[in-house]
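For the sequence shown, the numbering used here assigns the number 1 to the initial residue and increments by one for each residue that follows. Written out below as structure tokens is the structure these notes cover.
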Amino acid sequence: MRGTGTVHALTLMIDFPDTPGEGSARQRFEEFFPQTSRWFARGSYGRLGYRPATPIRHWLRMPRSFAAYGIDRGSPYEPGYQRLLKDIVAAADERVDFGRYDLVNVLVTPNAGPPAAHTVLSVTFADNDRAPRADGVRLSNVSFVYSRQDDGTGSLRETGYRVLPHENNHSFGLPDLYTASGAGRAGHWDLMSEDWGANNDILGWHKWKLGWLGARQVVYATESPDATARAGTSRHTLTPLARPGGTKVVFLPVSRRGGYAMEARTPGGNDAAVCRPGVLVYWVDVHKDSGQGPVTVMDSTRGTDPRHPHRPHGAAPAPNGPTAGAQGCTRLPNVHAGLSDATFTPGQTFTDNRHGVRVSITVTDRTRGGDYAIRITRRGATS
1 MRGTGTVHAL TLMIDFPDTP GEGSARQRFE EFFPQTSRWF ARGSYGRLGY RPATPIRHWL
61 RMPRSFAAYG IDRGSPYEPG YQRLLKDIVA AADERVDFGR YDLVNVLVTP NAGPPAAHTV
121 LSVTFADNDR APRADGVRLS NVSFVYSRQD DGTGSLRETG YRVLPHENNH SFGLPDLYTA
181 SGAGRAGHWD LMSEDWGANN DILGWHKWKL GWLGARQVVY ATESPDATAR AGTSRHTLTP
241 LARPGGTKVV FLPVSRRGGY AMEARTPGGN DAAVCRPGVL VYWVDVHKDS GQGPVTVMDS
301 TRGTDPRHPH RPHGAAPAPN GPTAGAQGCT RLPNVHAGLS DATFTPGQTF TDNRHGVRVS
361 ITVTDRTRGG DYAIRITRRG ATS
């Protein structure tokens, strides 16, 4: 599904005989809008216009109890979701022209199922060729959102909506960056890694995949995308991801599996939790699927898992708050603290001797306008 242009999102609020809607359906809708539309507008630099529609303004009652669908975390599409989606179509078809919409959001009454703090049920079925058809179209991109992602800090109104853009991004083709062990690979640097806590953007790599960046805003550190490119040095200037214009991502292909991406992250736009502005360096593994850790952020403050060795050099980063260093630089709840200070700042160098080459990425300067100058050196095989 395209990630640019105008996207028309049918949004239905549903409840069940055993769990009547909690509050009004309109209140449920307003938990997510207009926040979701604004998130996409900011993140895409205006390239995606997200238009929610609610032709049915009240709770749409399902014919069966919630328990009858047998839905749990990780439930496959069949049989429970298939039955539920067919019931939704049957209940709404007289008042909804499904052919007018690009995707469907199903906002389930939040009292159906366990609290999200215990078990998150929200899920998206993207490009689903087993989905039912209605009004001449297959409902192949459907997101289901359940209980509120309330962490008890009083920030639900500002942050609770973010589960929906996370789920919708699956319909646009983005993978989950968290793994079974949590968000330790990408931290809070991408909504597809953590969608709880303070507002956050997505990686420039993902913006490029969605068509939110122009061809000149993503450049290769070598003369071509060929991972066997010759050794050499290149210099680049990165403009912060939070504002439009300029070079957003520099990509260095290293092997057939992937390479390193670099981008500048600063507070602003969709990023509310950036406590250490700088250049984010991350490994992109093009052969890993959703939930398998396709992105690994390199930490400027310490080494990482030995399965992903790297060596940061340069002066130790200046502490940024009482939890800087090993504990990161943030006190915000539900933000992966350990990677919150992962960015590289002027004077720091990231070095990797893997894959038969030596790669060095140095942040050389930060301009008055907030741009970052980087130098990338690729040498031949090391002994």
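We put the CB at the ideal spot given by N, CA and C, even for glycine.
Beta carbon of residue i nearer than 8 Å to that of residue j
i: D15; j: A67; result: no
i: G268; j: A242; result: yes
i: L332; j: W189; result: no
i: W59; j: M13; result: yes
i: V142; j: V96; result: no
i: A273; j: G197; result: yes
i: G278; j: F344; result: yes
i: R375; j: T233; result: yes
i: S44; j: P175; result: no
i: F251; j: V295; result: no
C-alpha distance - residue i paired with residue j, whole-angstrom precision
i: V145; j: V123; result: 7 Å
i: M298; j: P165; result: 25 Å
i: T239; j: T301; result: 23 Å
i: R358; j: F350; result: 11 Å
i: G259; j: L177; result: 16 Å
i: F125; j: S140; result: 7 Å
i: F32; j: S360; result: 43 Å
i: P110; j: F172; result: 25 Å
i: W208; j: L280; result: 16 Å
i: R392; j: L156; result: The chain is shown from 1 up to 383; residue 392 falls before or after that span and cannot be answered.
i: D150; j: A116; result: 7 Å
i: A326; j: Q348; result: Note on A326: pLDDT 49, under 50, position unreliable in the model; no value is reported.
i: H310; j: E94; result: With a pLDDT of 41 at H310, under the threshold of 50, the modelled position of that residue is not reliable, and no figure is offered here.
i: N334; j: L121; result: 18 Å
i: I202; j: A53; result: 25 Å
i: E78; j: D102; result: 22 Å
i: S37; j: L191; result: 15 Å
i: N320; j: Y81; result: Because N320 carries a pLDDT of 30, less than 50, the predicted location of this residue cannot be relied on, and the following value inherits that uncertainty. If I take the Cα positions, the gap works out to 46 Å.
i: L48; j: L213; result: 11 Å
i: G69; j: P114; result: One point to set straight first is that residue 69 is Tyr, not Gly, in the sequence displayed. Cα to Cα, Y69 sits roughly 14 Å from P114.
i: R185; j: V363; result: 22 Å
i: A318; j: G187; result: Confidence in A318 is poor, its pLDDT being 31 and thus under 50, which makes the residue's placement too unreliable to answer from.
i: R379; j: T247; result: 24 Å
i: N353; j: T377; result: 12 Å
i: T4; j: N168; result: 13 Å
i: R130; j: A221; result: 42 Å
Selected residue, minimal CA-CA separation from residue i, among the options
i: T119; options: V108, P294, G74 and L280; result: G74
i: A183; options: W189, L174, T237 and S193; result: S193
i: K86; options: H188, Y161, R64 and Y45; result: R64
i: R133; options: T109, E22 and G99; result: G99
i: G369; options: T237, V281 and R256; result: T237
i: P34; options: D341, Y161 and A90; result: Y161
i: C275; options: H206, G173, R51 and A264; result: A264
i: V249; options: H206, A180 and D151; result: H206
i: G21; options: R61, P52 and R157; result: R61
i: A91; options: P76, R130, P55 and I202; result: P55
i: V89; options: D135, V363 and P175; result: D135
i: H287; options: L48, Y372, R256 and G154; result: R256
i: V7; options: F29, G46 and C329; result: G46
i: L107; options: R378, T222, V163 and V219; result: V163
i: T389; options: T4, G5, A342 and R28; result: The first residue shown for the chain is 1 and the last is 383, placing residue 389 beyond what the model contains.
i: N270; options: N199, G23, P253 and T330; result: N199
i: E158; options: M262, W39, P253 and V284; result: W39
Bridge partners - residue i, DSSP secondary structure assignment
i: W283; result: Y260 and T296
i: N105; result: T11 and S143
i: L252; result: Y260
i: T377; result: T233 and S360
i: R51; result: H8
i: P240; result: A264
i: R61; result: D15
i: R133; result: R138
i: F393; result: This structure cannot settle anything about residue 393, because the visible part of the chain is limited to 1 through 383.
i: V218; result: V249
Residue i CB to nearest heavy atom of the ligand ATP below 7 Å
i: R375; result: Looking for the ligand ATP in the displayed structure turns up nothing, as the structure carries no ligands at all.
Proximity test, Cβ basis, 8 Å: residue i and chain D
i: V250; result: Considering every chain present, this structure includes no chain D. It has just one protein chain.
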